[in-house]
Ligand code: MG
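In our numbering, the protein residues as written are 541 to 932.
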């Protein structure tokens, strides 16, 4: 009999967290939930706790604890970064699904990796900000980092059984987002609703906007750097609006190995949890004979400047990617709040470039967190000086 694997779900009320719970619920003989950690959605966390009965639940802010409903007897309620760390590192936990938004999960995930927990990584910001530290911790702990991001899961699968020296390059595919066919002028006046209307994937608001600017793909380049140990010069991006080919690896003999599937996050989530096995997920299958032509095209750097900005941050290294990430998060928040225009997001983020010059080559986790805080403050100041866009 195989032992049931304990899974701590960080970010359980988000889009990836809910999908992960859907997968876990289908396989009660393989997985059990050891911890549910949420931001502030106490109502949904209560519901999830009643359904999955984990030993721990965790909320990021103390003020929201009073909003928790009645929990199953024996459930321990934890709070904040320390609570998340306790839940992630607990003896019952084998796998940490890292899908919590924001920086608060950095230390808990690193601590769990060092303890040898498998990290099923959905929160790419962790690698963008603190890739070096997370990779080192996972190496020391031996539990590994399994990508949940669909593109990186595809690359991971296409690399299995191959020698790293034989890899020529990685090609990450991108749907191109909802504004793939728009002019810059049309994008300027894009509404929040339009930016959230992703053509193939259903995701949270922040990542949907990042997909519309292509900043998400830029972050994925940095994520791939850390996961697969390749320089940014060997990671390319192609727009593939159908989101069927989730990414490809090109080898030095000219072979391209790709992973295909319907766009459903439960597939990469399931693989990250069950690796090296595959789960009998009963989802709609991809039918190759029913598919129309696939399109692949290079991204338009003029209309989507976020991508080259991310490549620059990747090459600069040090705290530059953390600064980029923080500035972007603040700018996206301002766009979602109607404070700035869509095309202002990348314009605002671009201003954080000045801070990259301060990026030291050898940095500590403290330096990274300081750069994050400084970039947030600086970007907020930049936005507060901007004129509010008029309602169309
Ligand atoms: Mg992705």
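In this text, a Cβ means the ideal position worked out from N, Cα and C, and glycines have one as well.
The model shown is predicted, which means the values in this text are computed figures rather than measured ones.
- Annotation note: the stretch 763–821 contains the following uninterrupted alpha helix (DSSP H) runs of length 4 or greater, listed N- to C-terminal: 806–814.
- For ligand 1, residues qualifying as neighbours are 689, 690, 691, 760, where qualification means a beta carbon closer than 6 Å to at least one of its heavy atoms (chain order).
- Closest in C-alpha terms to residue 655, from the list 667, 632, 640, comes 632.
- In the DSSP assignment, residue 620 falls within the unbroken alpha helix (DSSP H) covering 620–629.
- By the Cβ neighbour-count rule, residue 832 is exposed, with fewer than 16 other Cβ atoms within 10 Å of its own.
- A distance of 8 Å or more separates the beta carbons of residue 757 and residue 796.
- Apart from sequence neighbours up to five positions away, the residues of its chain that approach residue 784 with a beta-carbon distance below 6 Å are 800, ordered along the chain.
- In the DSSP annotation of this structure, the continuous segment of the alpha helix (DSSP H) that includes residue 674 starts and ends at 664–681.
- In the structure shown, residue 823 adopts coil according to DSSP, grouped into three states.
- Measuring C-alpha to C-alpha distances from residue 649 to each of 642, 636, 737 identifies 636 as the nearest.
- Sequence-distant Cβ neighbours of residue 760 in its own chain, meaning closer than 6 Å and more than five residues away, are 691, 712.
- In this structure, DSSP gives residue 709 an extended state, which the three-state scheme calls strand.
- Per DSSP, the beta-bridge partners of residue 837 are 779.
- Between residue 659 and residue 714, the gap from beta carbon to beta carbon reaches 8 Å or more.
- The C-beta distance from residue 863 to residue 895 rounds to 5 Å, short enough to meet the 8 Å contact threshold.
- For residue 810, the CB contacts under 6 Å within the same chain, skipping 5 residues up- and downstream, are 563, 819, 821 in chain order.
- For residue 614, the closest of 608, 625, 593, 629 by C-alpha to C-alpha distance is 593.
- Judged by DSSP secondary structure, residue 728 falls within the alpha helix (DSSP H) whose first and last residues are 724–728.
- Within the same chain, and ignoring the five residues on either side of residue 875 in sequence, the residues whose Cβ sits closer than 8 Å to its Cβ are 732, 735, 749, 881, 882, 884, 885.
- In the DSSP assignment, residue 546 falls within the beta strand (DSSP E) that extends over 545–550.
- The Cβ atoms of residue 769 and residue 704 lie closer than 8 Å to each other.
- For secondary structure counted as the alpha helix (DSSP H) over 4 or more consecutive residues, the stretch 849–894 holds these complete runs in sequence order: 860–876, 884–890.
- In the DSSP assignment, residue 640 falls outside any beta strand (DSSP E), carrying neither H nor E.
- Positions of the beta strand (DSSP E) runs, each at least 3 residues long and wholly inside the stretch 553–591, are given as 571–578 in order along the chain.
- Of the residues 607, 568, 669, the one whose Cα lies closest to the Cα of residue 905 is 669.
- Spatial neighbours of residue 685 in its own chain (CB-CB distance under 6 Å, excluding positions within 5 residues in sequence) are listed in chain order as 659, 661, 678.
- Secondary structure at residue 658: strand, using DSSP grouped into helix, strand and coil.
- When DSSP reads this structure, residue 616 sits in a beta bridge with 596.
- In this chain, residue 611 is not harboured by any beta strand (DSSP E), its DSSP state being neither H nor E.
- In this structure, residue 762 places its C-beta atom within 8 Å of the C-beta atom of residue 850.
- Residue 721 sits in coil when the DSSP states are folded into three classes, being neither helix nor strand.
- When secondary structure is reduced to three states using DSSP, residue 828 falls in the helix class.
- With a cutoff of 8 Å on beta-carbon distance, residue 676 and residue 644 are scored as not near each other.
- If you look at residue 905, you'll find it in the alpha helix (DSSP H) that goes 905–924.
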